[in-house]
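Peer 1: Numbering (the numbering used here), first residue to last: 1136 to 1256. One structure coming up, written as structure tokens, with questions to follow.
Here it is as structure tokens:
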């Protein structure tokens, strides 16, 4: 089963890199939009996947591929922490507070929405 997680993680990491680069070019780097978008969309996806798996009793290998692998490789808590420290070091305290609070609050809300949507679709 570890190979399923590795395969999903590889694809998730590539998706994260691509979206992060796109966001940096399109939205700028004043605010860490790339990581924010990645973590919120990953939370939404993982919430939806969790709902699907709990409702339909899907295979553990599929969970390893998509939940643990893809979502684990796609989202990035370590970069979130690093970027928060960077904002603090540059004395961007308000921006850091918005980033940290919105990442946590919106991330949990996104996971809950994804979970609920799985019951609607």
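Even for Gly, the Cβ is constructed at its ideal location relative to N, Cα and C.
#1: Considering only residues of the same chain and omitting the five flanking positions on each side of residue 1198, which have a CB-CB separation below 8 Å?
#2: On the three-state DSSP scale, how would you describe residue 1256?
#3: Pick helix, strand or coil for residue 1163, following the three-state DSSP scheme.
#4: What residue range does the alpha helix (DSSP H) around residue 1205 cover?
#5: Just to confirm my understanding: we take residue 1230, look at its own chain, exclude 5 residues before and 5 after, and list those with CB closer than 7 Å. What are they?
#6: Check this for me: beta carbons of residue 1190 and residue 1254, under 9 Å apart or not?
#7: State buried or exposed for residue 1203, treating a residue as buried only when at least 16 other CB atoms are found within 10 Å of its CB.
#8: Looking at residue 1250: is its Cβ nearer than 9 Å to the Cβ of residue 1186?
#9: Are residue 1181 and residue 1210 touching if we call contact CB-CB under 9 Å?
Peer 2: In brief:
#1: 1184 and 1188
#2: Here residue 1256 sits in coil by DSSP.
#3: coil
#4: No alpha helix (DSSP H) holds residue 1205; DSSP gives it neither H nor E.
#5: 1166 and 1222.
#6: At the C-beta level, residue 1190 and residue 1254 come within 9 Å of one another.
#7: Counting Cβ neighbours within 10 Å, residue 1203 comes out buried, since at least 16 surround it.
#8: yes
#9: yes
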